[in-house]
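Asker: Residue numbers for the sequence shown follow full-length UniProt numbering, beginning at 1 and rising by one.
Note that CB positions come from ideal geometry on N, CA and C, so glycine has one too.
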Amino acid sequence: MPQQYLGEEAPEGEALRPTAEPLHGKYTSLVPYDSSHVDSLYRELFRPGTEHIWTWIPAQIPSEVTQTGAALDYLLSLSSSSESFFYAVLSAPASDPSAEALGLITHVNVAPEHRRIEVGVIFGSQLKQTRMATEAFYLMMQNTFENYGYTRFEWRANELNTASVAAAKRLGFQYEGILRNNLIVKGRYRNTVCCSVLKEEWPRVRGGFQKWLSPDNFDESGKQKLSLKECRET
């Protein structure tokens, strides 16, 4: 009688938990968040007019976060309740004295025993649709697959957050489906879109990032010559 197939064998042992080591790229650095970042993060994430940034983020921003001190306390409370830690995403490499924090990126749902990890972000408007933002995801994914031993990198988003779902697909994540009403967030049911990149897909995704992030991919005005998808496919 043929032996029943039980699935692909997984590596022995567990992946490593992420550590707070800075990650450096051409256009940005990811550095562990600390109090030196609070002034710029308050401007980017908390000042009046930035409320829309928090629409789809599960964390509820307190109404009293109206000054930098309260913002610092709130971010520290989020960090202390997280499974991991926050990286500040800088406006330039850390070696640039003018670099300042424009957003936050972190690991969530960290499961070393299953070699599975998820990314979470809170980006200010100056980060969105920039080389800095794209490189931030590249640095996180590279570190996760190549240094920590994870085999699945996840992206989850509210189905109604179409910008987040589109961003995941642009970055090379594969759409997997929707978990219907799997969370109650801010008093409302949430349908969660699930996307992922697997370890065996990483070389192709990595190649696309590297080609897109090359200075040769941008003209004198800073406009891209090839899209990230085109860079993966050529």
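Using a Cβ-Cβ cut-off of 6 Å (strictly less than) and excluding sequence neighbours within five positions of M141, which residues of its own chain qualify?
Answerer: Position 141 of the sequence shown, counting from 1, holds the residue named residue 141. For M141, where only same-chain residues beyond five positions count, the Cβ hits under 6 Å are F153.
Asker: Quick check on the DSSP output: the alpha helix (DSSP H) that includes Q174 runs from which residue to which?
Answerer: Looking up residue 174 in the sequence shown gives position 174. Premise fails: Q174 lies in the beta strand (DSSP E), 174 to 185, not in any alpha helix (DSSP H).
Asker: Just curious, the beta strand (DSSP E) that T106 is in, first and last residue?
Answerer: Within the sequence shown, residue 106 is the residue found at index 106, counting from 1. That run of the beta strand (DSSP E) goes 101 to 111.
Asker: If you compare alpha carbons, which of L226, E12, G207 is closest to E113?
Answerer: Position 113 of the sequence shown, counted from the first residue, corresponds to residue 113. The option with the nearest alpha carbon to E113 is E12.
Asker: My parser needs the alpha helix (DSSP H) runs of 4 or more residues fully inside the stretch 104 to 171; what are they?
Answerer: Counting only runs of 4 or more, we get 131 to 146, 162 to 170.
Asker: Looking at the unbroken alpha helix (DSSP H) that takes in P203, where does it start and where does it end?
Answerer: As a first step, residue 203 is located in the sequence shown; it is residue number 203 there, counting from the start. Per DSSP, P203 belongs to the alpha helix (DSSP H) from 202 to 213.
Asker: Going by DSSP in three states, Y42 sits in which element: helix, strand or coil?
Answerer: Indexing the sequence shown from 1 puts residue 42 at position 42. Residue state, collapsed to three classes: helix.
Asker: Mind checking which residues open and close the alpha helix (DSSP H) that includes R232?
Answerer: As a first step, residue 232 must be located in the sequence shown, where it is residue number 232. Unbroken alpha helix (DSSP H) run through R232: 228 to 233.
Asker: Here's the rule: buried if 16 or more other CB atoms are within 10 angstroms of the residue's CB, otherwise exposed. What is A166?
Answerer: Sequence index remark: in the sequence shown, residue 166 carries index 166 (1-based). Exposed: under 16 other Cβ atoms inside 10 Å.
Asker: Just curious, the beta strand (DSSP E) that A20 is in, first and last residue?
Answerer: In the sequence shown, the residue the question calls residue 20 occupies position 20. Where A20 is concerned, there is no enclosing beta strand (DSSP E), given that its DSSP letter is neither H nor E.
Asker: Looking only at C-alpha atoms, which of A163, E9, V119, N109 sits nearest to I53?
Answerer: Stepping through the sequence shown from its first residue, residue 53 is reached at position 53. Residue A163 is the option with its Cα nearest to I53.
Asker: Per DSSP, L198 is paired with what?
Answerer: Indexing the sequence shown from 1 puts residue 198 at position 198. According to DSSP, L198 bridges with R152.
Asker: Whose CA, out of R206, V193, D216, lies closest to the CA of E233?
Answerer: If you number the sequence shown from 1, residue 233 lands on position 233. Nearest of R206, V193, D216 to E233, Cα basis: R206.
Asker: What is the DSSP secondary structure of S84, counted as helix, strand or coil?
Answerer: Here residue 84 refers to the residue found at position 84 when the sequence shown is read from its first residue. In the structure shown, S84 sits in coil (DSSP, three-state: anything other than H, G, I, E or B).
Asker: Going along the chain, which residues of its own chain have a beta-carbon closer than 7 Å to the beta-carbon of A15, five neighbours each way excluded?
Answerer: Here the question's residue 15 lines up with position 15 in the sequence shown. Closer than 7 Å at Cβ, skipping near neighbours: P112, R115, Y148, G149, Y150.
Asker: Quick one: grab the DSSP three-state call for S29.
Answerer: Counting from one through the sequence shown, the residue named residue 29 turns up at place 29. The answer is strand: DSSP assigns S29 an E or B state.
Asker: N158: buried (16+ other C-beta within 10 angstroms of its C-beta) or exposed?
Answerer: To locate residue 158, count along the sequence shown from 1; it is residue 158. The residue in question, N158, is buried, as its Cβ has 16 or more Cβ neighbours within 10 Å.
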